[in-house]
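These notes concern the structure reproduced below.
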Amino acid sequence: MTGHDHSHEHSELGEMDLRVRALESVLTQKGYIDPAALDVLIDTYQTRIGPRNGARVVARAWVDSVFHDWLLRDATAAIASLGYTGRQGEHMVAVENTAEQHHMVVCTLCSCYPWPVLGLPPTWYKSAPYRSRAVKDPRGVLADFGTVLPESTRIRVWDSTAEVRYLVIPQRPEGTEGMSEEELAALVTRDSMIGTRRVEAASTGGAS
Amino acid sequence: MSYVTHADLGGQPGFGPVTPEPEGELFHAAWEPRALALTLAMGATGSWNIDASRAVRETLPNYRDLSYYQVWLGALEQLMLQRGQVFPDEIATGEMRHPAEPVARVLQAGNVPAVLAKGSPTERAAPGPARFAVGQAVRMHIGKADHHTRLPGYVQGKRGTIEHVHGAHVFADAHAQGQGEQPQWLYTVVFDEAELWGNAAPRQNLSVSVDAWESYLEPAA
Numbered sequence: 004m005t006g007h008d009h010s011h012e013h014s015e016l017g018e019m020d021l022r023v024r025a026l027e028s029v030l031t032q033k034g035y036i037d038p039a040a041l042d043v044l045i046d047t048y049q050t051r052i053g054p055r056n057g058a059r060v061v062a063r064a065w066v067d068s069v070f071h072d073w074l075l076r077d078a079t080a081a082i083a084s085l086g087y088t089g090r091q092g093e094h095m096v097a098v099e100n101t102a103e104q105h106h107m108v109v110c111t112l113c114s115c116y117p118w119p120v121l122g123l124p125p126t127w128y129k130s131a132p133y134r135s136r137a138v139k140d141p142r143g144v145l146a147d148f149g150t151v152l153p154e155s156t157r158i159r160v161w162d163s164t165a166e167v168r169y170l171v172i173p174q175r176p177e178g179t180e181g182m183s184e185e186e187l188a189a190l191v192t193r194d195s196m197i198g199t200r201r202v203e204a205a206s207t208g209g210a211s
Numbered sequence: 002m003s004y005v006t007h008a009d010l011g012g013q014p015g016f017g018p019v020t021p022e023p024e025g026e027l028f029h030a031a032w033e034p035r036a037l038a039l040t041l042a043m044g045a046t047g048s049w050n051i052d053a054s055r056a057v058r059e060t061l062p063n064y065r066d067l068s069y070y071q072v073w074l075g076a077l078e079q080l081m082l083q084r085g086q087v088f089p090d091e092i093a094t095g096e097m098r099h100p101a102e103p104v105a106r107v108l109q110a111g112n113v114p115a116v117l118a119k120g121s122p123t124e125r126a127a128p129g130p131a132r133f134a135v136g137q138a139v140r141m142h143i144g145k146a147d148h149h150t151r152l153p154g155y156v157q158g159k160r161g162t163i164e165h166v167h168g169a170h171v172f173a174d175a176h177a178q179g180q181g182e183q184p185q186w187l188y189t190v191v192f193d194e195a196e197l198w199g200n201a202a203p204r205q206n207l208s209v210s211v212d213a214w215e216s217y218l219e220p221a222a
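Heads up: the sequence lines are chains A and B, in that order.
So the first sequence is numbered by the working numbering: it starts at 4 and just counts up by one.
So the second sequence is numbered by the working numbering: it starts at 2 and just counts up by one.
Take a look at the structure:
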């Protein structure tokens with residue numbers, strides 16, 4: 004019956020494909036959309052707006068104390084100074100992880116996420132397990148990521164219920180004192196800026 | 002009471018573990034980026050606002066059985082059907098069979114970077130002085146809303162503390178219902194874990210905050 008299962012999977016995939024294609028075709032015929040704009044939108048979030056932006060913000064905050072303080076005081080302006088603005092990041096707040104205080108961000112009601120600095124949210128961020136458990140059992144959620152924090156570390160979970168978007172500044176790992184801003188940015192992972200992982204000195208950042 | 006949201010998940014049991022995924026993995030089927038782009042492009046026509054689209058998404062009857070982009074696509078079809086912008090026979094066939102409804106704007110490829118960079122800020126002139134100040138104790142409203150709201154069930158009736166005043170922002174509840182922006186003061190309200198989950202719940206050394214519009218709040222003793 005393997006053959007049957009395969010064709011079933013294909014026809015299901017095909018169904019969504021056809022449905023989206025049909026809608027795109029109608030909307031184009033009706034003049035509501037410019038199909039070329041769809042390509043630009045997709046390319047933007049696949050290649051230009053993603054977590055490398057946020058990593059640059061974090062690395063700058065790690066090496067530049069004036070920027071660091073500005074970021075904590077007025078994240079929208081500080082982040083805009085690096086060229087990251089707009090859709091789903093209009094009102095930014097940055098929160099800083101320390102040995103005493105760990106921050107984690109969720110949207111229990113939908114999938115609110117700081118797009119200009121992190122791009123599109125990962126599937127797990129939008130999933131029912133994360134949205135349901137982050138506010139009640141964050142240590143359990145962290146364990147799903149292999150992250151274990153000391154009991155003495157206070158955890159703060161930010162539920163993004165309005166149009167304010169949160170960026171976590173992870174702790175700068177020890178042993179990175181000699182690294183350049185660019186090298187530091189390469190260490191910073193997406194998950195560390197949501198608050199589900201810490202940054203490791205040996206991490207390979209975006210290449211992971 | 003007819004409004005039922007399926008999206009208010011905070012604190013709900015039974016959803017199992019979180020499955021992490023690598024950073025570059027954004028889509029899981031070829032149609033997903035197209036569905037995303039269609040949603041963004043139609044959103045840019047100004048035919049509805051983001052709160053209205055969230056309301057349609059969270060009330061899709063099969064919300065919890067759908068994948069994320071299936072929710073987006075289903076809601077997009079609904080929003081357009083409601084406005085007579087498309088019809089069922091057009092969705093089924095992919096052919097235009099009814100005249101187009103005029104839209105305020107069409108997002109052209111060349112304008113995409115500027116439109117994304119501009120976004121849609123929600124801060125507005127304050128309607129009056131803020132009712133609450135940082136450090137003040139507040140209690141969250143309780144009771145099911147018969148419309149879209151951004152007040153999650155798990156904080157309703159709970160006592161929290163004002164931590165930050167964000168200025169006045171477009172009020173999502175009114176905006177979603179087509180009642181205009183009705184800006185209100187927006188606050189970050191922080192709660193202790195025992196207040197939210199009781200003393201019997203395993204201690205996490207946890208506090209949780211939500212962002213709440215002023216009408217969600219009452220002064221607490």
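By construction, the Cβ of each residue, glycine as well, lies at the ideal position given by its N, Cα and C atoms.
Computed from a prediction, not measured in an experiment: that's the story for all the values here.
Residue i - DSSP class collapsed to helix/strand/coil
{"i": "A:N100", "result": "coil"}
{"i": "A:D77", "result": "coil"}
{"i": "A:E186", "result": "helix"}
{"i": "A:D2", "result": "Missing from the structure shown is residue 2 of chain A; chain A here goes from 4 to 211 and no further."}
{"i": "A:M19", "result": "helix"}
{"i": "A:E93", "result": "coil"}
{"i": "B:L117", "result": "helix"}
{"i": "B:W214", "result": "strand"}
{"i": "A:R168", "result": "strand"}
{"i": "B:M141", "result": "strand"}
{"i": "B:E219", "result": "strand"}
{"i": "B:L207", "result": "strand"}
Closest Cα partner of residue i within the set the options
{"i": "A:T50", "options": "B:S3, B:P114 and B:G136", "result": "B:P114"}
{"i": "B:V190", "options": "B:A53, B:T150 and B:E219", "result": "B:E219"}
{"i": "B:A127", "options": "B:I51, B:P184, B:A134 and B:G85", "result": "B:P184"}
{"i": "A:I172", "options": "A:L30, A:I197 and A:K33", "result": "A:I197"}
{"i": "A:P119", "options": "A:V144, A:A78, A:P125 and A:G92", "result": "A:G92"}
{"i": "B:Q205", "options": "A:L41, A:H106 and A:A83", "result": "A:H106"}
{"i": "B:S208", "options": "A:T156, A:S130 and A:L85", "result": "A:T156"}
{"i": "A:P54", "options": "A:I36, A:A39, A:P153 and A:A188", "result": "A:A188"}
{"i": "A:E184", "options": "A:W73, A:A58 and A:G122", "result": "A:A58"}
Cβ separation of residue i and residue j, assumed to be a contact under 8 Å, to the nearest whole Å
{"i": "A:L26", "j": "B:L39", "result": "6 Å"}
{"i": "B:A223", "j": "B:A177", "result": "Since the first residue shown for chain B is 2 and the last is 222, residue 223 of chain B is missing from the structure and cannot be characterised."}
{"i": "A:T179", "j": "A:L190", "result": "7 Å"}
{"i": "B:V116", "j": "B:A45", "result": "6 Å"}
{"i": "B:K159", "j": "B:M141", "result": "5 Å"}
Terminal residues of the beta strand (DSSP E) in which residue i lies
{"i": "B:Y188", "result": "Q185 to D193"}
{"i": "A:R157", "result": "R157 to D162"}
{"i": "B:E24", "result": "That residue, B:E24, is in no beta strand (DSSP E); it is neither H nor E in DSSP."}
{"i": "B:R160", "result": "R160 to H170"}
{"i": "A:R175", "result": "Where A:R175 is concerned, there is no enclosing beta strand (DSSP E), given that its DSSP letter is neither H nor E."}
Within 7 Å, strictly: CB atoms of residue i and residue j
{"i": "B:P21", "j": "A:F148", "result": "yes"}
{"i": "B:W186", "j": "B:A131", "result": "yes"}
{"i": "B:G1", "j": "A:V23", "result": "Because chain B is modelled from 2 through 222, residue 1 of chain B falls outside the range shown and cannot be assessed."}
{"i": "B:E102", "j": "B:G85", "result": "yes"}
{"i": "A:P132", "j": "B:V19", "result": "yes"}
{"i": "B:T123", "j": "B:V171", "result": "yes"}
{"i": "A:Q174", "j": "A:N100", "result": "yes"}
{"i": "A:A80", "j": "A:A97", "result": "no"}
Boundaries of the alpha helix (DSSP H) in which residue i is found, first to last residue
{"i": "B:L41", "result": "W32 to G44"}
{"i": "B:Y69", "result": "Y69 to Q83"}
{"i": "A:P119", "result": "W118 to L121"}
{"i": "A:I52", "result": "No alpha helix (DSSP H) contains A:I52, which DSSP labels as neither H nor E."}
{"i": "B:M97", "result": "Element bounds for B:M97: n/a, residue is neither H nor E."}
{"i": "B:E59", "result": "I51 to E59"}
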